[in-house]
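Have a look at the structure below before the remarks.
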Amino acid sequence: MPEVLTTIPALRDRVGAARLSGRSIGFVPTMGALHAGHKRLIDLARSECDLVIVSIFVNPLQFDRQDDLERYPRTLDADVALCSASGVDVVFAPSSLEMYPSPPVCVVDVGRVADHLCGRFRPGHFRGVATVVMKLFEITQPDRAYFGEKDAQQLAVIRHLVSDLNVPVEIVGVPTVREADGLALSSRNQRLQPGERRVATVLYEALKDAQARIAAGEREAARVTAAAREMIERQPAVKLEYLEIVDPLDMQPVARIDGPVVAAGAIWVGGVRLIDNVICVPP
Ligand code: PAF
Numbered sequence: 006m007p008e009v010l011t012t013i014p015a016l017r018d019r020v021g022a023a024r025l026s027g028r029s030i031g032f033v034p035t036m037g038a039l040h041a042g043h044k045r046l047i048d049l050a051r052s053e054c055d056l057v058i059v060s061i062f063v064n065p066l067q068f069d070r071q072d073d074l075e076r077y078p079r080t081l082d083a084d085v086a087l088c089s090a091s092g093v094d095v096v097f098a099p100s101s102l103e104m105y106p107s108p109p110v111c112v113v114d115v116g117r118v119a120d121h122l123c124g125r126f127r128p129g130h131f132r133g134v135a136t137v138v139m140k141l142f143e144i145t146q147p148d149r150a151y152f153g154e155k156d157a158q159q160l161a162v163i164r165h166l167v168s169d170l171n172v173p174v175e176i177v178g179v180p181t182v183r184e185a186d187g188l189a190l191s192s193r194n195q196r197l198q199p200g201e202r203r204v205a206t207v208l209y210e211a212l213k214d215a216q217a218r219i220a221a222g223e224r225e226a227a228r229v230t231a232a233a234r235e236m237i238e239r240q241p242a243v244k245l246e247y248l249e250i251v252d253p254l255d256m257q258p259v260a261r262i263d264g265p266v267v268a269a270g271a272i273w274v275g276g277v278r279l280i281d282n283v284i285c286v287p288p
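Numbering-wise (the working numbering), the sequence shown opens with residue 6 and increments by one.
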């Protein structure tokens with residue numbers, strides 16, 4: 006069983022002892038409701054680091070909607086069981102009061118990398134992510150931290166965070182884990198009704214269509230996105246939020262595709278918001 010620590014001083018003691026004995030620290034930050042996608046991150050951390058820490062904290066600062074925060078699944082016992090089965094050493098599960106004894110005055114502001122995609126529709130979201138990740142890095146002092154590529158924009162934000170602020174943590178991006186029909190694993194999938202679950206794959210299908218068009222030589226991003234958006238709009242049970250082609254490093258939209266790009270989208274299926282992305286490489 007992993008040690009479950011809920012206070013910052015207790016975690017700092019554990020980290021300090023590991024550092025003194027020269028052990029490397031791998032860190033997997035999560036908001037819980039762990040699934041096979043998280044397990045992939047944990048397994049990689051386990052294979053590369055001496056001490057593996059998983060944090061489970063539903064970070065209020067990154068939610069732009071109160072109802073989303075309240076409905077976010079909280080499954081600590083099952084999460085600890087998954088961590089235990091995966092050989093995690095420490096689960097850090099602080100309360101909101103432990104992480105934010107008072108509303109923070111200092112936050113990490115995120116520049117243009119958050120201007121598009123999710124950043125456009127979730128004001129303040131990436132500021133909340135960058136702030137909590139910076140705090141978690143300060144607390145856990147990891148050598149390596151593991152993030153899923155499903156959240157491509159989040160990964161780009163974190164990469165900028167460590168490079169712009171000289172944070173000595175190696176960021177490891179881990180490929181998206183999918184269901185057999187292509188749906189990207191997400192803690193939000195468990196809120197889909199059976200009929201919604203069936204149509205939720207349309208986002209991945211549209212992104213794969215974009216990928217195929219680019220691989221076949223289409224260079225105009227507008228033509229690629231128009232076809233992909235149309236596929237989604239044909240599905241009446243799904244509402245398209247965005248579908249864009251962006252640069253993989255700064256997440257800015259590209260007009261002409263001259264190198265690898267990311268096709269990324271967000272849809273609403275009933276009351277559930279789903280995101281996904283694929284890397285597209287021109288011939
Ligand atoms: O990806 C997530 O689960 C969260 O955004 C993270 C990185 C744990 C920060 O709260």
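No residue lacks a Cβ here, since even glycine has one placed at the ideal position from N, Cα and C. If you're wondering where the values come from, they're calculated on a predicted model, not measured in any experiment.
#### Entry: Extent of the continuous alpha helix (DSSP H) run through Y209
207-220
### Three CB pairs or more closer than 8 Å across the region 106-114 and the region 128-148
yes
### Query
By a C-beta neighbour count over all protein chains shown, 10 Å radius and 16 as the cutoff for buried, is G31 buried or exposed?
buried
### Message
What does the Cβ neighbour count give for F126, buried or exposed, with the cut at 16 atoms within 10 Å?
### Response
exposed
### Message
Let me check you understand the geometry: is the CB of T80 closer than 8 Å to at least one non-hydrogen atom of ligand 1?
### Response
no
### Message
Just checking P7 against ligand 1 - is the residue's beta carbon closer than 8 Å to any of the ligand's heavy atoms?
### Response
no
#### Entry: Uninterrupted alpha helix (DSSP H) stretches inside the region 174-208 (no shorter than 4 residues)
199-204
#### Entry: Those residues, in chain order, that have a beta-carbon closer than 6 Å to some heavy atom of ligand 1
P34, T35, M36, N64, Q67, V134, V137, V138, D156, Q159
### Message
Which residue wins for smallest C-alpha separation from M6, given the options V96, P65, R202?
### Response
V96
### Query
Looking at G37 and L190, is the spacing between their C-beta atoms short of 9 Å?
no
### Query
On the three-state DSSP scale, how would you describe V99?
The question names Val, but residue 99 in the sequence shown is Pro. The answer is coil: DSSP assigns P99 none of H, G, I, E or B.
### Reference E175; option with closest CA among I219, H121, R149, L81
R149
### Query
What are the boundary residues of the alpha helix (DSSP H) that E223 is part of?
Where E223 is concerned, there is no enclosing alpha helix (DSSP H), because DSSP gives it neither an H nor an E.
### Query
What's the call for S100, buried or exposed, on a 16-neighbour Cβ count within 10 Å?
exposed
### Query
When you compare each of I219, D55, L160 to I250 by their alpha carbons, which one comes out closest?
I219
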